[in-house]
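Chains as they are written, first to last, in the working numbering: chain A, 1 to 252; chain B, 1001 to 1252.
For glycine and all other residues, C-beta sits at the position ideal for the given N, C-alpha and C.
The structure presented is a predicted model; accordingly, all values stated were derived computationally and were not measured.
Only one structure is covered here, and it is reproduced in the block below.
Number of protein chains: 2
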Amino acid sequence: MDGERIWTAGLVIIGDEILSGRTQDRNVAQIAAWLNLQGIRLREVRIVPDVKERIVEAVTALAQASDYLFTTGGIGPTHDDITVDAIADALGVGVVEHPRARAALEAHYASRGGLTEARLRMARVPDGAELIENPMSGAPGIRCGNIFILAGVPHIATLMLEALSGQLEGGKPLLSQTVGCWTAESEVADLLEEAERAHPGCQVGSYPFFRDGRVGANFVIRSTDAATLEACAADLAARLEQSGRSVVKDGI
Amino acid sequence: MDGERIWTAGLVIIGDEILSGRTQDRNVAQIAAWLNLQGIRLREVRIVPDVKERIVEAVTALAQASDYLFTTGGIGPTHDDITVDAIADALGVGVVEHPRARAALEAHYASRGGLTEARLRMARVPDGAELIENPMSGAPGIRCGNIFILAGVPHIATLMLEALSGQLEGGKPLLSQTVGCWTAESEVADLLEEAERAHPGCQVGSYPFFRDGRVGANFVIRSTDAATLEACAADLAARLEQSGRSVVKDGI
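Right under this line is the structure:
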């Protein structure tokens, strides 16, 4: 496993509605889970307002630090949709109308009142960009090299991720296994650390909860190597059982 | 309203479980809504892994850019709980045991098996810190000047926010009003922009949806000034109605 290349992604969530607390974000979790299936680790997320300089700053920083960069939000037809302009600025290119995006919008709006100037805004892309299919609303996502511009509406972002599935080079997916135990995590902190140390290449995370009047915890073991993962999970379960606790396989 | 001071906060969410997609974050939305009630704007959120240097980097950047900084996660008893060490590093201070935190933990664990070395980890604070009450689990939150270290478990974070309510200096809360309309946002993009321009100090956001087979949108107007907000919302509703659309007060 040493020297194995790890592929990483950054994610910039663009939207005043998330920062105001009005809208519960759903894109971090769905993009994180999808990236993991592609063998790509989500390295960092930044949530920024609908302000061009702030988007440029976040996109530039995370694009430099990761192999891929994703954004969600700000690609609709209204005046607060400025993601395309911000990414073009970050890349130092102009904004152009993409002929295939225009054609898709024309087809979509043919029975819905036709193209307007506002709707045509959704055909604007940073120069040199490709489109990411969106069968739902006619407005495509946008790919500029390793930057992927997705919709903010979660179910439209889902469709764009589906269109990208299997297209991105990645490494081994990070596998995980969960060991549940009706115990306070503070009682078994040593066991967790010992199990992690005994199996290099594994990380052991502890996620406590309080349910039905009892405290418990799920211990999540992560590794890119299936055998190492299996060994660490079995070892941790054995250590917990030797300490007189019963273990719930696959978590509580 | 000109020259009115705007108070801002940054938020660093610490946790591999959010970046892996295993756990749906709930803290961004609840902290954002709470901050707004205090008259403080959430300026930016960063989600980073359980890696000390990465936490230090994010905390340092956001603390410099905002009046207040909040963190969630990584203050439990296990080896992956390293937030206190990271914040101490960021502040250039040592880590000490806080006597009142130790006393609270002793009281809480008196009937639960007593204090262990792992549980005592939760009494560690950056030198000079104060505690934020947590009636739930005995483990307190931590305040270091304008840095607030909260639990990752959302309902414990809620209790810590309650303990802080009314304690932080802020400005005028950002008020909002919603105008709903069964229309495609792309049909009324011009009206939105005109209403925003006609009322300086207001922002108009557009949040489209697809429900029961129909497209609609909620238009959210935000301002710190109640009269300006009211005027902008009434103006937008009038413009929409003049265009032949009916409007749903307070949103759909």
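**OP:** State buried or exposed for residue 1167 of chain B, treating a residue as buried only when at least 16 other CB atoms are found within 10 Å of its CB.
**Re:** Exposed, since its Cβ has fewer than 16 Cβ neighbours within 10 Å.
Original post:
Nearest to residue 1132 of chain B by CA position, among B:1215, B:1087, B:1140, is which residue?
Top reply: With respect to the C-alpha of residue 1132 of chain B, the residue from B:1215, B:1087, B:1140 having the closest C-alpha is B:1140.
Original post:
Are the C-beta atoms of residue 1189 of chain B and some chain A residue less than 8 Å apart?
Top reply: Interface residue, yes.
Original post:
Does residue 1018 of chain B come within less than 8 Å of chain A when only Cβ atoms are used?
Top reply: Taking 8 Å as the threshold, the shortest C-beta distance from residue 1018 of chain B to chain A falls below it.
**OP:** Tell me where the beta strand (DSSP E) around residue 150 of chain A begins and ends.
**Re:** 147-150 is the extent of the beta strand (DSSP E) around residue 150 of chain A.
Original post:
Which stretch, first to last residue, makes up the beta strand (DSSP E) that contains residue 1153 of chain B?
Top reply: No residue range can be given for residue 1153 of chain B, since it is assigned to no beta strand (DSSP E) and is classified by DSSP as neither H nor E.
Original post:
Between which two residues does the beta strand (DSSP E) harbouring residue 1052 of chain B extend?
Top reply: For residue 1052 of chain B, no beta strand (DSSP E) encloses it; the enclosing alpha helix (DSSP H) starts and ends at 1052-1065.
**OP:** Return yes when the Cβ of residue 1092 of chain B is within less than 8 Å of the Cβ of residue 1013 of chain B, no when it is not.
**Re:** No; because the gap between Cβ atoms is not below 8 Å, this pair is not in contact.
Original post:
Do we get a CB-CB distance below 8 Å when we pair residue 1183 of chain B with the residues of chain A?
Top reply: No, residue 1183 of chain B does not count as interfacial toward chain A.
Original post:
With a cut-off of 8 Å, does the C-beta of residue 133 of chain A fall near any C-beta of chain B?
Top reply: So no, residue 133 of chain A is outside the interface.
**OP:** Identify whether residue 1232 of chain B lies in helix, strand or coil by the three-state DSSP scheme.
**Re:** In the structure shown, residue 1232 of chain B sits in a helix (DSSP, three-state: H, G or I).
Subject >> Contacts that residue 1113 of chain B makes with chain A (C-beta to C-beta distance below 7 Å) >> reply: Neighbourhood of residue 1113 of chain B in chain A, by CB distance below 7 Å: 187, in chain order.
**OP:** Mark residue 1020 of chain B as exposed unless 16 or more other C-beta atoms lie within 10 angstroms of its C-beta, in which case mark it buried.
**Re:** By the C-beta density criterion, residue 1020 of chain B is buried, having at least 16 other C-beta atoms within 10 angstroms.
**OP:** Grab the span of the beta strand (DSSP E) containing residue 126 of chain A for me, first residue to last.
**Re:** Element bounds for residue 126 of chain A: 124-126.
Original post:
Roughly how many whole angstroms lie between the Cα atoms of residue 48 of chain A and residue 161 of chain A?
Top reply: Their Cα atoms are separated by approximately 21 Å.
Subject >> For residue 947 of chain B, the three-state DSSP class (helix, strand or coil) >> reply: As displayed, chain B neither begins before 1001 nor continues past 1252, which places residue 947 of chain B out of reach and without an answer.
Original post:
Using 8 Å as the limit for Cβ to Cβ distance, is residue 89 of chain A near chain B?
Top reply: So, not an interface residue.
Original post:
Just checking my contact of residue 1062 of chain B with residue 1044 of chain B at CB under 8 Å: how many whole Å lie between their CB atoms?
Top reply: Right, the Cβ-Cβ distance comes to about 6 Å (below 8 Å), so this counts as a contact.
Subject >> Cut-off 8 Å between Cβ atoms - residues of its own chain near residue 1002 of chain B, not counting five sequence neighbours on either side >> reply: The pLDDT assigned to residue 1002 of chain B is 49, lower than 50, so where the model puts this residue is not dependable; a value taken from the coordinates is nonetheless given after this. The answer is none, since no qualifying residue turns up.
Original post:
For the 8 Å Cβ check, are there 3 or more pairs between the segment 202-219 of chain A and the segment 1090-1110 of chain B?
Top reply: Contact between the segment 202-219 of chain A and the segment 1090-1110 of chain B is absent, with fewer than three C-beta pairs closer than 8 Å.
Original post:
Start and end of the beta strand (DSSP E) containing residue 1030 of chain B?
Top reply: Per DSSP, residue 1030 of chain B lies in no beta strand (DSSP E) segment; the continuous alpha helix (DSSP H) that holds it begins and ends at 1027-1037.
**OP:** Quick one: give me the first and last residue of the alpha helix (DSSP H) that residue 1188 of chain B is part of.
**Re:** Per DSSP, residue 1188 of chain B lies in no alpha helix (DSSP H) and is assigned neither H nor E.
Original post:
Residues of chain B with a CB under 8 Å from the CB of residue 68 of chain A: which are they?
Top reply: Result: empty, since nearest Cβ-Cβ is about 14 Å, beyond 8 Å.
Original post:
Taking Cβ to Cβ, would you say residue 153 of chain A is nearer than 8 Å to residue 124 of chain A?
Top reply: No, these two residues do not count as a Cβ contact at 8 Å.
Subject >> the segment 1106-1113 of chain B touching the segment 1079-1091 of chain B, judged by at least three CB pairs closer than 8 Å >> reply: Contact fails: fewer than three Cβ-Cβ distances are below 8 Å.
Original post:
In terms of residues, what are the limits of the alpha helix (DSSP H) holding residue 1072 of chain B?
Top reply: Annotation for residue 1072 of chain B: no alpha helix (DSSP H) segment contains it, though the beta strand (DSSP E) segment containing it runs 1068-1072.
Original post:
Is the segment 215-222 of chain A touching the segment 174-181 of chain A, taking contact as three or more C-beta pairs under 8 Å?
Top reply: The segment 215-222 of chain A, when compared against the segment 174-181 of chain A, does touch it at the 8 Å Cβ threshold.
Subject >> Distance CB(residue 1192 of chain B)-CB(residue 71 of chain A) smaller than 8 Å >> reply: With a cutoff of 8 Å on beta-carbon distance, residue 1192 of chain B and residue 71 of chain A are scored as not near each other.
Original post:
In angstroms, rounded to a whole number, what distance separates the CA positions of residue 1145 of chain B and residue 1005 of chain B?
Top reply: Per the coordinates, the alpha-carbon of residue 1145 of chain B lies some 20 Å from the alpha-carbon of residue 1005 of chain B.
**OP:** Compare the C-beta of residue 1033 of chain B against all C-beta atoms of chain A and say whether one is closer than 8 Å.
**Re:** Output row for residue 1033 of chain B: interface = yes.
Original post:
Which whole-angstrom value is the C-beta distance of residue 204 of chain A and residue 164 of chain A, which I expect to be below 8 Å?
Top reply: With a contact defined as Cβ atoms closer than 8 Å, residue 204 of chain A and residue 164 of chain A miss out at about 31 Å.
Subject >> Neighbour list for residue 193 of chain A in chain B, Cβ cutoff strictly below 8 Å >> reply: Within chain B, the residues near residue 193 of chain A are 1078, 1079.
Original post:
Opposite residue 1338 of chain B in the DSSP bridges: which residues?
Top reply: Nothing about residue 1338 of chain B can be read from this structure; chain B reaches only from 1001 to 1252.
Original post:
What residues from chain A crowd round residue 1021 of chain B, counting only those whose CB sits closer than 9 Å?
Top reply: Per Cβ cutoff of 9 Å: 28, 29, 30, 31, 32, 33, 34, 35, 36, 42.
Original post:
chain B partners of residue 246 of chain A, CB-CB under 8 Å?
Top reply: Residues of chain B passing the Cβ test: none, with the nearest at roughly 17 Å.
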